[in-house]
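Chemist: For reference, the structure I am asking about is given below.
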Amino acid sequence: MSGIFSYMGRYKRNTIAALVLIMISVPFGVIPYFFISRLINSYLSGGVTVQLLLVCSVAVFLSFAVKYTLYGFGLSQSHEGAYGTLLNLRNKLAENLIHQPLGEIVDGGTGKYKKSFVEEIGRIELMLAHMFPEGIPNIVLPVVVYVIIFCTDWRMGLLSLGSLPFGIVGMAAMMKSGVEKMPLYYQAGARLNSAIVEYVSGMEVIKIFGQTTSSYQKYSDTVNVYKTFTLGWYKESWKYMSMVYAGMPFTVILTLPVGALLYFSGSLELSTWIFVMMLDLSLSSPLTKIINFMPLFPQITYTVRQLETLYAAKDVQSGTVTALPENYDIVFDDVTFAYHDRNVLEHVSFTARQNKMTAIVGESGSGKSTAARLIVHYWDVNGGSIKTGGRDIRDYTFDTLMNMTSYVAQDTFLFRGTIADNIGMGKQGASDEEIRAAAKAAACHDFITALPDGYDTDVGSLGGKLSGGEKQRITIARAILKNAPIIILDEATAFTDAENEDLIQLAVENLTKDKTVIVIAHRLGTVCNADSIIVMKEGRISAAGTHDELLASSAEYQKLWRMSQLAGNWNLAVREETAHV
648 MSGIFSYMGR YKRNTIAALV LIMISVPFGV IPYFFISRLI NSYLSGGVTV
698 QLLLVCSVAV FLSFAVKYTL YGFGLSQSHE GAYGTLLNLR NKLAENLIHQ
748 PLGEIVDGGT GKYKKSFVEE IGRIELMLAH MFPEGIPNIV LPVVVYVIIF
798 CTDWRMGLLS LGSLPFGIVG MAAMMKSGVE KMPLYYQAGA RLNSAIVEYV
848 SGMEVIKIFG QTTSSYQKYS DTVNVYKTFT LGWYKESWKY MSMVYAGMPF
898 TVILTLPVGA LLYFSGSLEL STWIFVMMLD LSLSSPLTKI INFMPLFPQI
948 TYTVRQLETL YAAKDVQSGT VTALPENYDI VFDDVTFAYH DRNVLEHVSF
998 TARQNKMTAI VGESGSGKST AARLIVHYWD VNGGSIKTGG RDIRDYTFDT
1048 LMNMTSYVAQ DTFLFRGTIA DNIGMGKQGA SDEEIRAAAK AAACHDFITA
1098 LPDGYDTDVG SLGGKLSGGE KQRITIARAI LKNAPIIILD EATAFTDAEN
1148 EDLIQLAVEN LTKDKTVIVI AHRLGTVCNA DSIIVMKEGR ISAAGTHDEL
1198 LASSAEYQKL WRMSQLAGNW NLAVREETAH V
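If you want our numbering, it's the 1-based position in the sequence shown plus 647.
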């Protein structure tokens, strides 16, 4: 947990101030019991006066007033420190993600990181705002009170401690069980969330294909597994919770009856007996606080471990070179890459020349997209090297490598904001004229100006207010504005509809002019004119050459070409049928 405290920064003083204020406030909650004890003893001895009653009443009132005032200020400081630390933790996590392998981030999915940013970091608030500043004083105070009781009468001290062993044993057992089961609990919760999302999101498909019974059964089974696990854990904990709640707070459970016997036997003074019982009663509040915090400890421990693992994730390897190279040839030199203990690329070597188009083709799973992603440093290669301008890409700083490269994927992504904002991300500080010029080059100016708000149109969440083809052209406009010397098209036109295909092809031509271009091709017809075509098969290069050369010499390419032609004929038939309709 010390790692979390290291991110507190300037907010550490707020947490320390909270600890001091609450530490001071807690004894003021005990002081009233001294005056109440004094008042009771005076009453029993017949010595109560109006003056004593007034003094004790004012003292009790002021003690509680000081306690809750200091306690309130302490909680205010603890929350300011807690939420400031949460801000630092989230900023640090965002900064770490920038330097971690992009492939790991993409594979992790938005759900994982949303959970870390929102839920897991949010749980730290409990520790920083409550457990730490409130827990420590409420642990220290009982120790001090027990010392006072032992100094008053050691026999009563032992009696006051009599109920604690049951509570401590129950608490230890409950915490041990919690630490062991908390990871399983969160895993069961994650499976439940996944099942709910899958069931609701797939409702349309479930109904259309008549899978309501089987799909509901799958969902129901997941819910029952979660219910069985959680109820089993709760039932196991209930006996421990009973020991804790019955044992720890009720410190008078022995001092009252045994103290009475000692008093009536003449070995204990009445004033001492009453004083000790008052102190025992004052322990109820801090001990209850401790009990309430203890079940949170396994949860916080698990959360902190998860976050520290995330913060300790290995950064992608990058260098210090900021100078741009003289040429932008891309060279794969005996590259080997494995992912999840499976070789994806094995001893791959080729060169993509500057101002030329190099296409990488192959069946699904052949490694072609992985090769493209390695160029933009999605992961570190396991063997060999990838060079740009004669230098290993790992020698460049991350920003320098990103400035050299534009990556346009099949799956488009637009941020919530205006069309102008999304295009303008390609170049910091781009003028309106530059944004419009990029849009015109990407063949999207016309449809943008036809919208009621033009370039100020809000694209919605993930660009949901635009069609797929419109989003694709906006991402190409963004890449055109960036004007990077290296362009990677990862099946960017794989599922283009007929209406947008010509416009997107025009946008791609404008994007790739005078660049080093690598195209990951789904349809071979789009790369027939490529300067070089690399044929991938099972993570290795099967053949390389021009379209005509490969048709004459490569059986693998011939097979891919036939499949592409069949797919093209099928698409043509569908279009003709649609046109007749």
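Positions of the beta carbon are idealized from the N, C-alpha and C atoms, including for glycine. Given the structure is predicted, the values throughout are model-derived calculations rather than measurements.
#1: On the DSSP bridge list, what partners appear for Asp1137?
#2: Under DSSP, the beta strand (DSSP E) around Ile1181 begins and ends at which residues?
#3: Taking the CB atoms as reference points, tell me whether Ile1167 and Ala1019 lie closer together than 8 Å.
#4: Can you round the beta-carbon distance between Pro789 and Leu666 to whole angstroms, since I take them to be within the 8 Å contact cut?
#5: Measure the C-alpha to C-alpha separation of Lys761 and Gly809 and round it to an integer number of angstroms.
#6: Rank Tyr1204, Ala729, Ile1127 by C-alpha distance to the C-alpha of Ile1070 and give the top, closest one.
#7: Examine the ligand COA and report whether any of its heavy atoms sits within less than 7 Å of the Cβ of Leu808.
#8: Glu993 by DSSP, collapsed to three states: which one?
#9: Since Glu781 and Lys936 should fall inside the 8 Å C-beta cutoff, what is the C-beta to C-beta distance between them, to a whole number of angstroms?
#10: Check Ala999 in the structure and name its three-state DSSP category.
#11: Would you call the segment 922-930 in contact with the segment 681-692, where contact means no fewer than 3 C-beta pairs closer than 8 Å?
#12: Are three or more beta carbon pairs between the segment 1058-1077 and the segment 982-989 nearer than 8 Å?
#13: For Val982 and Ile1151, what's the separation of their Cα atoms in angstroms?
#14: Can you give me the start and stop residues for the alpha helix (DSSP H) that Ile1040 sits inside?
#15: Identify the residues that DSSP records as bridge partners of Val1161: which are they?
#16: Where does Gly966 fall in DSSP's three states?
#17: Mapping the DSSP letters down to three states, classify Phe897 as helix, strand or coil.
#18: Using 8 Å as the Cβ pair cut-off and three pairs as the minimum, do the segment 1153-1161 and the segment 1006-1016 touch?
#19: Report back the beta-carbon spacing between Val695 and Ser689 to the nearest angstrom; my notes put them in contact at under 8 Å.
#20: So what's Ser932 in DSSP terms, helix, strand or just coil?
#21: Determine the burial state of His777: buried for a count of at least 16 other Cβ atoms within 10 Å of its Cβ, exposed for fewer.
#22: Which whole-angstrom value describes the C-beta separation of Tyr1053 and Ile1134, a residue pair presumed to lie in contact below a C-beta threshold of 8 Å?
#23: Could you check the C-alpha separation between Phe1142 and Ser763 for me, to the nearest Å?
#24: For a test of the three-state rule: what should DSSP assign to Asp980, helix, strand or coil?
#25: Below 7 Å CB to CB, which residues in the same chain sit around Tyr1025 once its five sequence neighbours on both sides are set aside?
#26: Gly906 to Val899, Cα distance in whole Å?
#27: Under the rule that 16 or more other beta-carbon atoms within 10 Å means buried, what is Cys1091, buried or exposed?
#28: Report the residue from Ala819, Ile678, Asn735 whose alpha carbon sits nearest the alpha carbon of Met888.
#29: Tell me the rounded alpha-carbon separation between Leu957 and Ala664.
#30: What first and last residue would you give for the alpha helix (DSSP H) that runs through Thr1017?
#31: Between which residues of its own chain and Gln1001 is the CB-CB distance below 7 Å, once the five residues before and five after are set aside?
#32: Apart from the five residues on each side of it in sequence, which residues of its chain come closer than 7 Å, Cβ to Cβ, to Phe997?
#33: Given Met594, which residues of its chain have a CB within under 8 Å of its CB, disregarding the five upstream and five downstream residues?
#34: How would you label Met1210, buried or exposed, when you count the other beta carbons within 10 angstroms and need 16 or more for buried?
#35: Can you tell me which residues form a DSSP beta bridge with Arg1187?
Modeler: Checking against the coordinates, here is how it stands:
#1: DSSP lists Ala1056, Ile1167 as partners of Asp1137.
#2: Going by DSSP, Ile1181 is part of the beta strand (DSSP E) stretching over 1179-1184.
#3: Their beta carbons are under 8 Å apart, which means Ile1167 touches Ala1019 by this criterion.
#4: That pair is no contact at about 17 Å.
#5: Cα-Cα distance, rounded: 47 Å.
#6: Checking every option, the nearest Cα to that of Ile1070 belongs to Ile1127.
#7: This structure lacks the ligand COA, and indeed carries no ligand of any kind.
#8: The answer is strand: DSSP assigns Glu993 an E or B state.
#9: That pair is a contact at about 6 Å.
#10: Three-state result, Ala999: strand.
#11: Yes, they touch.
#12: Under the three-pair Cβ rule at 8 Å, the segment 1058-1077 does not count as touching the segment 982-989.
#13: In a straight line, the C-alpha of Val982 is about 32 Å away from that of Ile1151.
#14: Ile1040 -> no alpha helix (DSSP H), and no H or E assigned at all.
#15: In the sequence as displayed, the identity of residue 1161 is Asp instead of Val. Per DSSP, none; premise fails for Asp1161.
#16: The three-state reading of DSSP puts Gly966 in coil, since its state is none of H, G, I, E or B.
#17: DSSP, reduced to helix, strand and coil, places Phe897 outside both helices and strands of the structure shown, so it counts as coil.
#18: Judged by pairs of C-beta atoms under 8 Å, the segment 1153-1161 does not touch the segment 1006-1016, as fewer than three such pairs exist.
#19: About 5 Å separates the two Cβ atoms, so the contact holds.
#20: Shown here, Ser932 sits in a helix according to DSSP, grouped into three states.
#21: His777 comes out buried.
#22: The sequence given here has Ser at residue 1053, not Tyr. Confirmed, Cβ separation roughly 5 Å.
#23: The predicted position of Phe1142 is uncertain, since its pLDDT is 46 and thus under 50; no value can be drawn from it.
#24: DSSP places Asp980 in strand when its eight states are reduced to three.
#25: Closer than 7 Å at Cβ, skipping near neighbours: Pro748, Leu749, Gly750.
#26: Approximately 9 Å, taken between the alpha carbons.
#27: Taking all protein chains shown into account, Cys1091 has 16 or more neighbouring C-beta atoms within 10 Å of its C-beta and is therefore buried.
#28: Per the Cα distances, Ala819.
#29: Linking Leu957 to Ala664 through their CA atoms gives a straight-line distance of about 30 Å.
#30: Run containing Thr1017: 1015-1022, per the alpha helix (DSSP H) assignment.
#31: Short of 7 Å from the beta carbon of Gln1001, and not among the five residues preceding or following it, lie these beta carbons of its own chain, in chain order: Asn974, Tyr975, Asp976, Thr1163.
#32: Excluding positions up to five away in sequence, the list reads Phe979, Ile1181, Ile1188, Ala1191.
#33: Outside the modelled stretch of the chain, which goes from 648 to 1228, sits residue 594, for which no answer is possible.
#34: Met1210 comes out exposed.
#35: DSSP, once it has assigned bridges, lists Lys1184 as partnering Arg1187.
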